[in-house]
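One structure is given here, and the rest of the page talks about it.
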């Protein structure tokens with residue numbers, strides 16, 4: 001029909017712009033429409049950010065994508081494994097990661113979901129990574145510890161951000177091994193219940209360059225905040241969501257974090273208005289303060305707001321059903 005002819009008349013630059021909005025599955029399909037489209041589908045601009053999480057990916061399919069489509073333009077790759085599927089064989093193997101690193105030298109962000117990483121070494125990951133995010137993954141006890149640590153070499157020399165969401169095996173030992181490497185700028189822990197005060201104590205000095213820290217669903221007390229406040233002076237963002245055991249004494253440990261711009265105390269319901277005012281008024285760059293889920297009375301909240309005129313303060317009651325479950 002006329003519409004089909006019209007789309008074939010479009011210049012390649014316009015077609016490529018349209019193709020950038022297509023998910024991977026559709027990109028591969030349109031490559032079968034005609035020779036022109038097949039050639040366009042290989043264009044590097046279409047393979048900068050690749051999200052494979054909607055699909056069940058086998059090792060064979062991933063190999064095919066790495067060899068034929070993924071290349072120097074790839075910056076971000078998101079993959080979902082088979083950890084919770086009936087078929088337990090794992091698709092991510094050392095040879096595949098090695099090939100990925102070789103063909104995609106500009107890959108900086110890797111997001112792995114439901115992936116069993118126990119057969120692999122941390123060293124297998126591409127050395128170009130700046131961000132690594134693991135969600136519902138499994139790792140072995142020594143995953144971050146390798147021979148490279150003994151030689152004083154950084155395992156992933158460019159890694160700046162590590163995000164761990166519901167990685168149940170992540171423990172104090174992992175945290176210690178991590179802190180011995182190149183200092184991270186961001187560490188996001190959520191649902192990592194094996195992380196305790198001991199882990200924070202032994203790791204804090206090695207993480208002193210940190211700018212963004214989230215401790216959500218960790219098994220910690222005020223004691224952990226003592227070491228955060230003592231060693232992590234570069235922190236700009238600190239998220240303590242659902243840190244229900246945090247008291248005024250713990251909050252006072254954060255008074256020395258003078259570069260802090262954003263502080264999240266959501267559901268830290270043991271805190272008093274006086275402690276919040278005392279600590280936060282001493283943080284000159286604080287611009288965001290999240291007090292959601294803390295039942296402050298109107299007058300108390302008003303005092304907090306008046307004491308922090310340059311800070312956006314929120315104190316709402318989010319729907320509990322939307323809170324992450326561990």
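In the numbering used here, the protein residues as written are 1 to 326.
A virtual CB, placed ideally from N, CA and C, is assigned to each residue, including glycine.
Being a predicted model, the structure only gives us computed values, none of them experimental.
Each of 26, 49, 48 was checked against the Cα of residue 38, and the nearest Cα belongs to 26.
Counting C-beta atoms within 10 angstroms of its own C-beta, residue 167 has 16 or more neighbours from the protein chains shown and is therefore classed as buried. The DSSP-derived three-state label of residue 188 is strand. Assigned with DSSP and collapsed to three states, residue 41 falls in helix. Secondary-structure assignment with DSSP links residue 112 through a beta bridge to 79, 134. Bridge partners of residue 239 according to DSSP: 214, 264.
For residue 288, there is no enclosing alpha helix (DSSP H); the residue is part of the beta strand (DSSP E) that begins and ends at 288-290. Taking the Cα of residue 314 as reference, the smallest distance to any Cα among 291, 201, 296 is reached at 291. Spanning the alpha carbons of residue 104 and residue 63 requires a straight line of approximately 13 Å.
DSSP places residue 123 in the helix class (H, G or I) of the three-state scheme. Remark: C-beta atoms of residue 188 and residue 224 do not approach each other more closely than 8 Å. One thing to note: residue 228 has its Cβ within 8 Å of the Cβ of residue 204.
Taking the Cα positions, residue 317 is about 17 Å away from residue 272. The beta carbon of residue 109 sits closer than 6 Å to the beta carbons of 76, 131 from its chain, once the five residues preceding and following it are set aside; these are given in chain order.
Non-local beta-carbon contacts of residue 32 in its own chain, meaning distances under 8 Å to residues more than five positions away in sequence, involve 38 in chain order. The C-beta distance from residue 59 to residue 102 rounds to 17 Å, too long to meet the 8 Å contact threshold.
When rounded, the separation of the alpha-carbon atoms in residue 98 and residue 284 is 46 Å. Looking at the DSSP output, residue 171 shares a beta bridge with 194. In this structure, residue 181 sits away from residue 164, with a CB-CB distance that is not shorter than 8 Å. Shortest Cα-Cα distance from residue 235 to any of 138, 207, 245, 112 involves 207.
The C-alpha of residue 11 lies about 10 Å from the C-alpha of residue 17. For residue 51, the enclosing beta strand (DSSP E) stretches over residues 49-51.
If you draw a straight line from the Cα of residue 119 to the Cα of residue 138, it comes to about 10 Å. Per DSSP, the continuous alpha helix (DSSP H) segment holding residue 66 begins and ends at 59-68. Residue pairing by DSSP places residue 128 opposite no residue, since no beta bridge is assigned to it. The three-state reading of DSSP puts residue 161 in strand, counting E and B together. For residue 313, the enclosing beta strand (DSSP E) covers residues 312-314.
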